[in-house]
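Position 21, counted from 1, in the sequence shown is what our numbering calls 275; the numbers after and before it change by one each time, with no gaps.
In this text, a Cβ means the ideal position worked out from N, Cα and C, and glycines have one as well.
Structure record follows, encoded as C-alpha coordinates.
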Amino acid sequence: GIYGVALGTTITMVFFKLLLQPIYTCRSIEYPLIKYYINLLVGTMAKTLLPLGCFYLMVQDKLFPTYFDIFLYALIQGLLFAPIVYFFVFNKNDRFILRAVIFGK
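Written out as C-alpha coordinates, the structure reads:
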(Lines of atoms letter the chains of each structure in order from A and count residues from 1; the text may use other names and numbers.)
(Lines give C-alpha, C1' and ligand atoms only; values in the text may rest on other atoms or scores of the structure.)
Protein backbone atom coordinates (compact mmCIF):
# COMPACT_ATOMS: atom_id res chain seq x y z
CA GLY A 1 0.00 0.00 0.00
CA ILE A 2 0.87 3.62 0.38
CA TYR A 3 2.94 2.97 3.52
CA GLY A 4 5.13 0.54 1.60
CA VAL A 5 5.71 3.12 -1.12
CA ALA A 6 6.61 5.77 1.46
CA LEU A 7 8.92 3.41 3.34
CA GLY A 8 10.59 2.19 0.16
CA THR A 9 11.19 5.75 -0.99
CA THR A 10 12.55 6.75 2.41
CA ILE A 11 14.95 3.83 2.66
CA THR A 12 16.25 4.45 -0.85
CA MET A 13 16.74 8.18 -0.26
CA VAL A 14 18.47 7.71 3.10
CA PHE A 15 20.79 5.08 1.63
CA PHE A 16 21.61 7.22 -1.39
CA LYS A 17 21.89 10.63 0.32
CA LEU A 18 23.82 9.49 3.40
CA LEU A 19 26.03 6.78 1.90
CA LEU A 20 26.46 6.76 -1.87
CA GLN A 21 26.26 10.44 -2.76
CA PRO A 22 28.81 11.63 -0.14
CA ILE A 23 31.29 8.93 -1.22
CA TYR A 24 30.97 9.89 -4.89
CA THR A 25 31.08 13.63 -4.18
CA CYS A 26 34.05 13.46 -1.82
CA ARG A 27 36.02 11.34 -4.29
CA SER A 28 35.18 13.76 -7.10
CA ILE A 29 36.38 16.84 -5.22
CA GLU A 30 39.14 14.99 -3.31
CA TYR A 31 37.71 15.82 0.11
CA PRO A 32 38.15 13.36 3.03
CA LEU A 33 34.94 11.44 3.65
CA ILE A 34 35.38 11.36 7.44
CA LYS A 35 35.87 15.12 7.51
CA TYR A 36 32.68 15.54 5.46
CA TYR A 37 30.62 13.44 7.85
CA ILE A 38 32.04 15.06 10.98
CA ASN A 39 32.09 18.69 9.88
CA LEU A 40 29.03 18.90 7.69
CA LEU A 41 26.59 16.33 9.02
CA VAL A 42 27.38 16.12 12.75
CA GLY A 43 28.12 19.84 13.09
CA THR A 44 25.01 20.87 11.22
CA MET A 45 22.78 18.44 13.10
CA ALA A 46 24.12 19.60 16.47
CA LYS A 47 23.59 23.26 15.61
CA THR A 48 20.08 22.52 14.38
CA LEU A 49 18.81 19.93 16.85
CA LEU A 50 19.97 21.69 20.01
CA PRO A 51 17.78 24.81 19.65
CA LEU A 52 14.90 22.84 18.12
CA GLY A 53 15.07 20.30 20.95
CA CYS A 54 15.01 23.08 23.54
CA PHE A 55 12.02 24.65 21.82
CA TYR A 56 10.19 21.33 21.75
CA LEU A 57 10.80 20.79 25.46
CA MET A 58 9.40 24.27 26.16
CA VAL A 59 6.15 23.71 24.23
CA GLN A 60 5.50 19.95 24.42
CA ASP A 61 2.76 20.33 27.05
CA LYS A 62 1.11 23.16 25.12
CA LEU A 63 0.84 21.52 21.69
CA PHE A 64 -2.67 21.26 20.26
CA PRO A 65 -3.47 20.03 16.73
CA THR A 66 -5.13 23.16 15.37
CA TYR A 67 -3.93 25.11 12.35
CA PHE A 68 -3.63 28.30 14.39
CA ASP A 69 -1.42 26.59 16.99
CA ILE A 70 0.74 24.98 14.31
CA PHE A 71 1.21 28.36 12.62
CA LEU A 72 1.88 30.10 15.94
CA TYR A 73 4.52 27.58 17.05
CA ALA A 74 6.17 27.62 13.64
CA LEU A 75 6.35 31.41 13.80
CA ILE A 76 7.81 31.36 17.31
CA GLN A 77 10.28 28.66 16.32
CA GLY A 78 11.39 30.66 13.30
CA LEU A 79 11.85 33.81 15.37
CA LEU A 80 13.91 31.92 17.94
CA PHE A 81 15.92 30.03 15.36
CA ALA A 82 16.77 32.95 13.03
CA PRO A 83 19.23 34.71 15.38
CA ILE A 84 20.92 31.41 16.21
CA VAL A 85 21.45 30.71 12.52
CA TYR A 86 22.58 34.28 11.85
CA PHE A 87 25.20 34.38 14.61
CA PHE A 88 26.32 30.75 14.98
CA VAL A 89 25.75 29.04 11.63
CA PHE A 90 26.40 31.78 9.06
CA ASN A 91 29.96 32.97 8.57
CA LYS A 92 30.90 36.60 7.93
CA ASN A 93 30.39 36.32 4.17
CA ASP A 94 26.96 34.66 4.58
CA ARG A 95 25.83 37.46 6.90
CA PHE A 96 27.05 40.07 4.41
CA ILE A 97 25.12 38.43 1.57
CA LEU A 98 21.97 38.12 3.69
CA ARG A 99 22.11 41.80 4.67
CA ALA A 100 22.63 42.74 1.01
CA VAL A 101 19.60 40.69 -0.04
CA ILE A 102 17.34 42.02 2.71
CA PHE A 103 18.39 45.66 2.65
CA GLY A 104 19.46 45.88 -0.99
CA LYS A 105 22.93 47.27 -0.31
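Under the three-state reduction of DSSP, which class applies to residue i: helix, strand or coil?
| i | result |
| --- | --- |
| residue 255 | coil |
| residue 345 | coil |
| residue 285 | coil |
| residue 350 | helix |
Please list the terminal residues of the continuous alpha helix (DSSP H) segment that includes residue i.
| i | result |
| --- | --- |
| residue 301 | 297-313 |
| residue 291 | Run containing residue 291: none; DSSP gives neither H nor E here. |
Excluding five sequence neighbours on each side, which residues of the same chain lie with their C-beta closer than 7 Å to the C-beta of residue i?
| i | result |
| --- | --- |
| residue 330 | none |
| residue 348 | none |
Could you give the C-beta distance for residue i and residue j, rounded to a whole number, given that I count them as a contact under 8 Å?
| i | j | result |
| --- | --- | --- |
| residue 344 | residue 352 | 7 Å |
Kindly list the residues whose CB is nearer than 8 Å to the CB of residue i, restricted to its own chain and excluding five residues on each side of it in sequence; keep chain order.
| i | result |
| --- | --- |
| residue 334 | 305, 309 |
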